[in-house]
Structure formats: C-alpha cells, structure tokens
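Residue numbers (this note's numbering), protein chains in the order written: chain B, 216 to 341; chain L, 216 to 341; chain S, 216 to 341; chain U, 216 to 341. Where is the CB? At the ideal position from N, CA and C, for every residue including glycine. See below for the structure under consideration.
4 protein chains.
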Amino acid sequence: MSGGLAEQPREPTLEGLRQRLVEFAAARRWEPYHTPKNLAAALSVEAGELLEIFQWLTPEQAAAVMTDPERAHRVRDEVADVLAYLVQFCTAVGVDPLEALAAKIERNEHRFPVPGEGADVNPNKG
Amino acid sequence: MSGGLAEQPREPTLEGLRQRLVEFAAARRWEPYHTPKNLAAALSVEAGELLEIFQWLTPEQAAAVMTDPERAHRVRDEVADVLAYLVQFCTAVGVDPLEALAAKIERNEHRFPVPGEGADVNPNKG
Amino acid sequence: MSGGLAEQPREPTLEGLRQRLVEFAAARRWEPYHTPKNLAAALSVEAGELLEIFQWLTPEQAAAVMTDPERAHRVRDEVADVLAYLVQFCTAVGVDPLEALAAKIERNEHRFPVPGEGADVNPNKG
Amino acid sequence: MSGGLAEQPREPTLEGLRQRLVEFAAARRWEPYHTPKNLAAALSVEAGELLEIFQWLTPEQAAAVMTDPERAHRVRDEVADVLAYLVQFCTAVGVDPLEALAAKIERNEHRFPVPGEGADVNPNKG
C-alpha cells in the first residue's frame, strides 16, 4: 500500500480514502469486525469522543477551540475517526454517502422552505 | 438555489454538498445555531439515531438491513444527517475532513503495522 | 403485575423498579434482545435522545427547559429511558450500579483532591 | 466529607449518592460547569464510553464481558459515570429519576400490553 502513496492525488477524494480504508482493514484482517452493527456503534462512540472535547466549554471557548494546538489536534483526529467509520459503515451496507446527502438536501429544501419563498413577489430572491 | 441545481455535476462532491449546506443554513438564518458545540452535539445525536436502527438486531439481521425498504430508507437518511452535521461542524471550525482523514490513515499505518511487515524478507509484500 | 402495584411502596426504590423492569421484559419475552451489547447500545441511543432536546438551545434556554411543559415531559421521559436501560444493562452483567457509583466517588475523592486540602493546617476541614 | 463516610449506611441509596455528588462538585467549585446542557452532553459521552467496551465484541464475547477483570473494571467504572451524570443532570433540572422511571413503566404497561392479556379469559393471569 505504501507504494501506492506516491500515486495518490494531491487532494484526497472521499472515494480514494474509502479505498485506502478498505485496503487498510483487509491487510490487518479486520473485516470480520466491520459489520454494519459494529460500525454504527463505533461511529456513535467516536462522535461522542468529538463531543467530549466540547462538553465543559462555554460557547465562547468552544468557538475558539482551534486556537489551542492540543485541542485542535484532537478535533482533527476525532473528525477523521467519525468520517472513517461513516465511510466504512457505508461500504458495509452499500450506501453512497454523497448521494444520500444530496437526496436529503433536496428533501429538506421542500420540508423547510425558505421563509417568504413561493409567496414571495421578489423573483430575485432565493 | 434551485437555479443552481441544473449546473450541479452528476456526481456530487463533498465540497459541492458542503456549499449547498452552507447556502441552505444561510437562507434559513440558521447560522447562529450552528456553533461548534451545537454541531458536535447534533452529530452525536444523529449517530445515535443511526445506531438505533441496529440496536435490537442480531448480527445476521443487521447484515441484511438494506433488504428491508423502510429500514434501508432510514439508513440512508441517517447517513445523510451524520455527514451533513460532520461537514457543517468542519466548516464551523475550519477543518478539511478529507485532509484530516488522509493524515489519520497515515498515522494509523505506522501505529498498526501489517502483521509480518517490516521484518518481512519478501520485498514484494505490502 | 398490576396486582402488585398496590403493594409498591409510595417512594419507588431503584431495586423495586429494577424488579418491575425484569418482570416487564419477561412478560413480553424481550429477554433475548436484552444482551449486554444491545442494552449498552440502547442506553447510548437514549442518552442521545436526551441530548437532542438541548442541542440547539442556548445555555439560558437550556437552564429554563422545565418551564416548557412539552419539553419537561420529554426530559422526564428520556431520563426514564436512560435509567431503565442502565438498570437493565446492570442486571444483564451482574453489576450493582449504586455500589459502582459509591466506589467511583471514593476513587474520585483521591483523584481530584479539594484544592488546598492535604496541605491544609485545619484538621477539621474536609 | 470523609467524616461523614462512617455514617453512610452499608447499602448506598441513590439519594445518599446524589448528595455526595452535590457536595463533591461544590467542594471543587464545579457547579458552573454543571448546566443541564453540559450534563446531558457528558451523559451521552459516558454512555458512548460504555458502548466502546462492546463495539467489536461478538454477542458471545459481550455476554462474558465480566469474566475479564480489566473489562469488568471498565464496565463498573463507566456504569458509575453514566449514573453520576444522570443523577447530576436530574439535580440540575429538578427531576426525580425514580419517579420518572415509575411513571414511564406505568405508561409502557398500557402501551405494550402483554400478548393475550385483556382478551384473556383467565382472570388469574397477569
């Protein structure tokens, strides 16, 4: 796998990272653990670890979290863990997370119309 | 925003979806709620809703979750919510989730070496 | 089970409620689902549902949560769910939650000494 | 506080532990952090830490979790943390967790009737 690193594009893509995660787990024979239920649990656990960074912070302290290098590192680390388990969960159940999010945004545009839109007389709005 | 839809690429990208989420929240004046602490909490809540689908399922039932159309819809919906809040959290703290994950994978490749690698005499392996 | 209600003490005890939960699950043949892993997942899911009530609230709104009858009902309902799954989890693994908490408080009294204590010259303090 | 330990009843009660937690936080001047929103987040985080113990275990391994002394200690420790934050949350919002659970059990007895009950001709059942 390390040989392939030189060929990685400069800007990582979600699909490229997904493939690296699949290879990473396969090389360590971790696939038997990566069931949908286990990955959903792990995703929830990691989201809790991200929240833990913020649990005792005031809104002001939370807004400045990235100015503290140690906290900033933890934030990036937990973001990575959440995304890794989300991507691995999606691989396990055969869902494309980008398509799922695109479809949800379209549903939400109907569910939560912009205030005043539709009845709005200003055609430039929205 | 709907005018822009026609110009969306066929395959959604994470950055394209991120921009749609930013516009979606701005149009509804939701930004004041989208603090790092609130978004970390919302991400954790949505990860819990994804886990809820699996909590009473056997490993076998969990593996077949996408064969049930109602459950499959819920899975896609919760995946979208988790990804949406993760992306919005990252926007709020100024973290690139793809870079964070790429960096984490590289750290993990050192932290969890493939069994037998390194001491391995076979230069073709890995 | 309803026959036993008349004999319930006025003030419910944790042990009394535990027994009612055991009977409740047994009468509905839910025990096969109540494995330690499933109950730990359900506990986490319900804790997320309690957090959901607060996720978009300012600290001031959160402090006044019980003045809103609908939110107050949800809070009591989710507290009950968290406690129910905690008690059922403890039953499944054979842990007494009150003893576990008493032991933890004693460990924490050593781990987080009161500031100034120890070096304190006043032997009556603490 | 240690002076009061000799007077603690052998069997800890939830109310006795609640008072010790209140004194513990007050002695360390932690009350400003113990807002309802922060405590709901901390409860969710700790529930995630309990789930973490189980996330990669098979149902069989999970059922035997207490036979491993190190895991058994972690389980008791996380149970204590979940209960501590639940009790502190309830104190912050003025909810009696035992009353909340008793009320929920009664609602659930109506919501999930025992199969066959009600229509049951045997008056001794239930």
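ask   = Is the beta carbon of Ala295/S sitting closer than 8 Å to the one on Ala318/U?
value = yes
ask   = Ordered along the chain, which non-local residues of its own chain (more than five positions away) have a Cβ less than 7 Å from that of Leu254/S?
value = Tyr300, Gln303, Phe304, Ala307
request  = Take the Cβ of Ala315/S as the centre, count every other Cβ of all protein chains shown within 10 Å, and call the residue buried at 16 or more, exposed below.
outcome  = buried
request  = For my contact list, Ala262/L and Ala262/B are in at a C-beta cut-off of 8 Å; report their separation, rounded to the angstrom.
outcome  = 4 Å
ask   = Can you list, in chain order, the residues of the region 263–280 of chain B whose Cβ is nearer than 8 Å to any Cβ on chain L?
value = Gly263, Leu265, Leu266, Ile268, Phe269, Leu272, Pro274, Ala277, Ala278, Val280
ask   = Asp256/S touches chain B at which residues, Cβ-Cβ below 9 Å?
value = Position check: residue 256/S holds Ala in this sequence, whereas Asp was assumed. Near Ala256/S (Cβ distances below 9 Å), the residues of chain B are Lys252, Ala255, Ala256, Ser259.
request  = Quick one: using the 10 Å Cβ neighbour count with 16 as the cut-off for buried, is Phe327/U buried or exposed?
outcome  = exposed
ask   = Which term fits Pro330/L, buried or exposed, when burial requires 16 or more other beta carbons within 10 angstroms of its beta carbon?
value = exposed
task = Just tell me which of Gly309/U, Asp311/U, Glu324/U, Glu264/U has its CA closest to the CA of His288/U.
result = Glu264/U
key: Residue from Pro312/L, Pro274/L, Ala279/L, Ile268/L with nearest C-alpha to Asp292/L   = Ile268/L
task = Would you tell me roughly how many angstroms separate the C-alpha atoms of Arg322/B and Met281/S, rounded to the nearest one?
result = 33 Å
query = Do Pro312/U and Leu272/S have their C-beta atoms within less than 8 Å of each other?
reply = no
inquiry  = If I follow the unbroken alpha helix (DSSP H) through His288/S, where does it start and stop?
reply    = 284–308
request  = Please report how far the alpha carbon of Asp283/B lies from the alpha carbon of Val290/B, in whole angstroms.
outcome  = 10 Å
key: For Pro274/U, the nearest candidate out of Glu275/B, Ala241/B, Thr250/B, Gly309/B (CA to CA)   = Thr250/B
query = Is Gly309/S close to chain U, meaning its C-beta is less than 8 Å from at least one C-beta of that chain?
reply = yes
inquiry  = With distance defined between alpha-carbon atoms, name the residue in Ala242/S, Ile320/S, Gln270/S nearest to Tyr248/L.
reply    = Gln270/S
ask   = Under a CB-based cut-off of 8 Å, is Asp283/L close to chain B?
value = no
query = Leu236/U and Ile320/S look like a contact to me (Cβ under 8 Å); what is the Cβ gap, rounded to whole Å?
reply = 7 Å
message = Rounded to whole angstroms, what is the Cα-Cα separation between Pro227/L and Arg233/B?
response = 16 Å
inquiry  = Within a Cβ cutoff of 8 Å, which residues of the same chain sit near Ala240/B, ignoring the five residues on either side of it in sequence?
reply    = Glu246, His249, Gln303
query = Taking 8 Å as the CB-CB cut-off, is Val237/U touching chain S?
reply = no
Interface flag, Glu230/B vs chain D, CB-CB below 8 Å = Looking for chain D here will not work: the only protein chains present are B, L, S and U.
key: Between the CA atoms of Lys252/B and Gly309/B - distance to the nearest angstrom   = 14 Å
inquiry  = According to DSSP, simplified to helix, strand and coil, what is Arg330/L?
reply    = The question names Arg, yet the displayed sequence has Pro at residue 330/L. Reduced to three states, the DSSP call for Pro330/L is coil.
message = Let's test the definition: count the other Cβ atoms within 10 Å of the Cβ of Leu266/U and tell me whether it reaches 16, buried, or not, exposed.
response = buried
His325/L versus Glu285/U - alpha carbon distance = 27 Å
ask   = Where do the N-terminal and C-terminal ends of the alpha helix (DSSP H) with Leu272/U fall, by residue?
value = It is not in any alpha helix (DSSP H) - Leu272/U carries neither H nor E in the DSSP assignment.
key: N- and C-terminal bounds of the alpha helix (DSSP H) containing Ala240/U   = 229–242
ask   = Closer than 8 Å, CB to CB, is Glu314/L near chain B or not?
value = yes
Helix, strand or coil at Glu226/L [DSSP, three-state] = coil
DSSP-derived helix/strand/coil call for His325/U = helix
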